[in-house]
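Q: Residue numbers (our numbering): 2 to 413.
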């Protein structure tokens, strides 16, 4: 530039910084959208500023955050942007992952959501065991049926000791009742046991061919049944279950049928006969009822489970002889939790199998032996659903084992 005398004058330079208002790019690169994941998952995120933003005076990534189902679970200020997600602590199901990025100019960006499915198998952890061969308090001689009340008390049909024993949830002895005989409160080889929502205890007094009802302390209330094949008669009943209305279902084992009664023993209906067709049985040894009133029966010598409605109408069946998943070698005990999951003592396979309400295999555990979580001919099984506790009468080991589900699958 020139002044008014014609001399050259240099103007001072001015640097102008244009503000950065462009959101940075952010992408979840692993896991892929639609992927099924298990166990420990590494979530990988890439983040960078847009090309024009890199030329600005204030540039760079400040932090990247990871959100799962809307909850922030991790943050990283520098590369690599990786996060460890332990899906073992999650229920199985669908989860949405989103990454959010913030650059040095406080611009924010968000990734395209990634949907994944967590599908971990259920795992059962041994918690406690109690009992050994004997006849003193807390010992057993071939325990069979087992039941749990709403307070967590455990009742065991101590078969060869001809008595019932009651314990707290950790196996501490509380009381007992019964001895060999046929009078009220006496037993001849009690096999099955159930507890209703009011705490009344029902016992399948097998070789007396009758059902006995007691209060929770073992005081006798009533009984019904005698040897025979007529309505209300029994031939070695081995299992008993109670529905939410107080109705009693009895596996009338050697008559190859199920009988249904009210809580006082009044006969309501029956179904079944000897055979292999739908609704027929070959020595049913176990019975359970779900919260909807569906009845599940271990059709023991047919090596299958049959499911009925509360009136005995056949719904479905599953199982065959063998040791693969979903097969059985003489299943005896059965129980159903509040979600409808079905647990079966696969007795001569020395394991427990779990299924969905329609018979889809879920998981299994157990091997032959005397160590914790091993079995020798497990017969009875009971569920305390709120805490996800499973109790098993490990018959030939003369003990009870308690397990906890440490990863619960939510059934749809």
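By construction, the Cβ of each residue, glycine as well, lies at the ideal position given by its N, Cα and C atoms.
Nothing here was measured: the structure is a model prediction, and the numbers come from that model.
With contact counted as at least three CB pairs below 8 Å, one residue from each stretch, are the stretch 32-43 and the stretch 117-124 in contact?
A: yes
Q: If you drop the 5 nearest sequence neighbours on each side, which residues of the same chain put their C-beta closer than 8 Å to that of residue 263?
A: Your numbering for residue 263 matches position 262 in the chain shown. Excluding residues within five positions, the ones whose Cβ falls inside 8 Å are 247, 248, 249, 269.
Q: Is the stretch 220-231 touching the stretch 149-160, taking contact as three or more C-beta pairs under 8 Å?
A: no
Q: Check each candidate in 99, 323, 130, 353 and name the one with the smallest Cα separation from residue 171.
A: Locating residue 171 in the chain shown gives position 170, counting from the first residue. Measuring from the Cα of residue 171, the nearest candidate turns out to be 130.
Q: Would you identify the three-state DSSP class for residue 407, choosing helix, strand or coil?
A: Taking the first residue of the chain shown as position 1, residue 407 is located at position 406. Coil.
Q: Of the residues 45, 73, 80, which one's Cα is nearest the Cα of residue 62?
A: Mapped onto the chain shown, residue 62 falls at position 61. When each option's Cα is compared against that of residue 62, the closest is 80.
Q: Is it buried or exposed for residue 369, if we count other Cβ within 10 angstroms and need 16 for buried?
A: Taking the chain shown and counting its residues from 1, one reaches residue 369 at position 368. So residue 369 ends up on the exposed side.
Q: Once you ignore the five residues that flank residue 281 on each side, which residues in its own chain have a CB closer than 6 Å to its CB?
A: As a working note, residue 281 is residue 280 in the chain shown. Taken in chain order, the residues that qualify are 274.
Q: How many Å lie between residue 378 and residue 192 at the Cα?
A: In the chain shown, the residue the question calls residue 378 occupies position 377. In the chain shown, the residue the question calls residue 192 occupies position 191. In a straight line, the C-alpha of residue 378 is about 14 Å away from that of residue 192.
Q: Buried or exposed for residue 180, going by 16 or more other Cβ atoms inside 10 Å?
A: Working through the chain shown from its first residue, we reach residue 180 at position 179. So residue 180 counts as exposed.
Q: Is the beta carbon of residue 292 closer than 8 Å to that of residue 339?
A: If you number the chain shown from 1, residue 339 lands on position 338. If you number the chain shown from 1, residue 292 lands on position 291. In contact: residue 339 and residue 292 (Cβ atoms closer than 8 Å).
Q: Report yes if the CB atom of residue 358 is closer than 8 Å to the CB atom of residue 347, and no otherwise.
A: For the purposes of this step, residue 358 is taken as residue 357 along the chain shown, with counting starting at 1. For the purposes of this step, residue 347 is taken as residue 346 along the chain shown, with counting starting at 1. No, they are not a contact pair.
Q: Quick check on DSSP: helix, strand or coil for residue 311?
A: Working through the chain shown from its first residue, we reach residue 311 at position 310. In this structure, residue 311 counts as coil in the three-state DSSP scheme.
Q: Using the C-alpha atoms, what's the distance from residue 99 back to residue 165?
A: The residue you call residue 165 lines up with position 164 of the chain shown. The residue you call residue 99 lines up with position 98 of the chain shown. Going from the Cα of residue 165 to the Cα of residue 99 covers about 56 Å.
Q: According to DSSP, is residue 326 part of a helix, a strand, or is it coil?
A: Working through the chain shown from its first residue, we reach residue 326 at position 325. Coil.
Q: Taking 6 Å as the limit between beta carbons, can you name the residues of its chain near residue 134, skipping five residues before and five after?
A: As a first step, residue 134 must be located in the chain shown, where it is residue number 133. Here the set comprises 399.
Q: Between the beta-carbon of residue 304 and the beta-carbon of residue 324, is there less than 8 Å?
A: Taking the first residue of the chain shown as 1, we reach residue 304 at position 303. Taking the first residue of the chain shown as 1, we reach residue 324 at position 323. Going by C-beta atoms, residue 304 is not nearer than 8 Å to residue 324.
Q: Below 8 Å between beta carbons: does that hold for residue 205 and residue 251?
A: For the purposes of this step, residue 205 is taken as the residue at position 204 of the chain shown. For the purposes of this step, residue 251 is taken as the residue at position 250 of the chain shown. Yes.
Q: Output the distance between the C-alpha atoms of residue 140 and residue 149, rounded to the nearest integer angstrom.
A: For the purposes of this step, residue 140 is taken as the residue at position 139 of the chain shown. For the purposes of this step, residue 149 is taken as the residue at position 148 of the chain shown. When rounded, the distance between both Cα atoms is 18 Å.
Q: From which residue to which residue does the beta strand (DSSP E) around residue 61 run?
A: For the purposes of this step, residue 61 is identified with residue 60 of the chain shown, where counting begins at 1. Premise fails: residue 61 is in no beta strand (DSSP E) and is neither H nor E.
Q: Expressed to the nearest angstrom, what Euclidean distance is found between the alpha-carbon atoms of residue 15 and residue 102?
A: On the chain shown, residue 15 is found 14 positions in, with the first residue counted as 1. On the chain shown, residue 102 is found 101 positions in, with the first residue counted as 1. In this prediction, residue 15 scores a pLDDT of 48, lower than 50, which makes its location untrustworthy; the coordinate-derived value is nonetheless stated afterwards. Each residue's Cα considered, the two are about 33 Å apart.
Q: Which of helix, strand or coil does DSSP assign to residue 89?
A: Residue 89 sits at position 88 when you count from the first residue of the chain shown. Collapsing the DSSP output to three states places residue 89 in a helix.
Q: Taking the C-alpha atoms as reference points, what is the distance between residue 42 and residue 88?
A: Here residue 42 corresponds to residue number 41 of the chain shown, with the count starting at 1. Here residue 88 corresponds to residue number 87 of the chain shown, with the count starting at 1. When rounded, the distance between both Cα atoms is 7 Å.
Q: What does the alpha-carbon distance come out to for the pair residue 67 and residue 124?
A: Within the chain shown, residue 67 is the residue found at index 66, counting from 1. Within the chain shown, residue 124 is the residue found at index 123, counting from 1. If you take the alpha carbons of residue 67 and residue 124, they lie about 28 Å apart.
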